[in-house]
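Shown next, in structure tokens, is the structure this report addresses.
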Amino acid sequence: MKSNFDLTGWKCFSERRNSASYMSPDKKWMAKFFTEATASIEDELVNEMEVTRKAISIGIKTPKVDDICELSNGKKGIIYEYIEGKRSIARAISEEPDKLDEYIKDKLSESTAVFRKILMTYEKENEDFVFGVEVDNVTKILCHYLFVLFGFLSH
Numbered sequence: 002m003k004s005n006f007d008l009t010g011w012k013c014f015s016e017r018r019n020s021a022s023y024m025s026p027d028k029k030w031m032a033k034f035f036t037e038a039t040a041s042i043e044d045e046l047v048n049e050m051e052v053t054r055k056a057i058s059i060g061i062k063t064p065k066v067d068d069i070c071e072l073s074n075g076k077k078g079i080i081y082e083y084i085e086g087k088r089s090i091a092r093a094i095s096e097e098p099d100k101l102d103e104y105i106k107d108k109l110s111e112s113t114a115v116f117r118k119i120l121m122t123y124e125k126e127n128e129d130f131v132f133g134v135e136v137d138n139v140t141k142i143l144c145h146y147l148f149v150l151f152g153f154l155s156h
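Numbering (our numbering), first residue to last: 2 to 156.
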């Protein structure tokens with residue numbers, strides 16, 4: 002963990018109820034700091050890093066994680082690779098409402114591919130864990146339902 006992380010020169014580009022995100026001066030990294038209520042426990046951040054790394058390892062497109070960091074005021078966060086040009090689906094639709102059908106098709110296709118990767122991982126790993134994260138009975142039922150939906154159920 003990077004202690005006493007210094008945000009000098011970093012620009013805040015997003016403030017939400019549970020977090021604030023900052024861009025590095027060289028625009029290669031972003032740092033996301035969480036409020037005390039959502040991420041005061043370092044284990045939660047480590048878990049998020051591990052899930053992100055596992056997602057990348059099976060080919061799900063997501064920014065790479067660099068490290069956990071802590072500001073001098075005690076707020077903890079995660080440093081991610083910054084991917085230029087990414088925008089939320091909500092922003093894309095608000096900027097180009099005439100392309101709504103295209104965005105829906107793209108996101109549905111992308112979501113289907115992600116579900117397939119998750120389900121294939123779920124089937125190969127211990128069924129009590131997905132991406133190394135313990136799952137409850139509701140999640141197991143959902144995974145089994147998705148197996149059937151996508152035609153993956155082999156047993």
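Think of the CB as a built atom: it goes at the ideal place given N, C-alpha and C, for glycine as much as any other residue.
key: Which of helix, strand or coil DSSP assigns to D7   = Coil, per DSSP.
query = In angstroms, rounded to a whole number, what distance separates the CA positions of W30 and D102?
reply = If you take the alpha carbons of W30 and D102, they lie about 32 Å apart.
message = Using only CA atoms, which one of F14, G78, T53 lies nearest to F6?
response = G78
query = Under 8 Å between the Cβ atoms of P64 and I84?
reply = Yes, Cβ-Cβ distance for P64 and I84 is below 8 Å.
inquiry  = Buried or exposed, going by whether 16 or more other CB atoms sit within 10 Å of the CB of I69?
reply    = buried
inquiry  = Distance check for E71 and F35, CA to CA, integer angstroms please.
reply    = So the two alpha carbons sit approximately 10 Å from each other.
request  = Can you say whether L46 is buried or exposed, counting buried as having 16 or more other CB atoms within 10 angstroms of its CB?
outcome  = The residue is buried, with at least 16 neighbouring Cβ atoms inside 10 Å.
task = Report the three-state DSSP secondary structure of S112 (helix, strand or coil).
result = helix
query = Measuring CB to CB, does S25 end up less than 8 Å from K33?
reply = no
ask   = Per DSSP, what kind of secondary structure is S155 in: helix, strand or coil?
value = Because the pLDDT of S155 is 39, which lies under 50, any placement of that residue in the model is unreliable, and the number read from its coordinates should be weighed accordingly. Shown here, S155 sits in coil according to DSSP, grouped into three states, outside any helix or strand.
task = Would you kindly check if the distance between the Cβ of I61 and the Cβ of K118 is under 8 Å?
result = I61 sits close to K118, with the two beta carbons spaced by under 8 Å.
request  = Excluding the 5 residues preceding and the 5 following S15 in the sequence, name in chain order all residues of the same chain whose CB lies nearer than 6 Å to its CB.
outcome  = S22
ask   = Hey, A114 and Y104: beta-carbon distance below 8 Å or not?
value = no
key: Three-state class that DSSP yields for D68 in the structure shown   = strand
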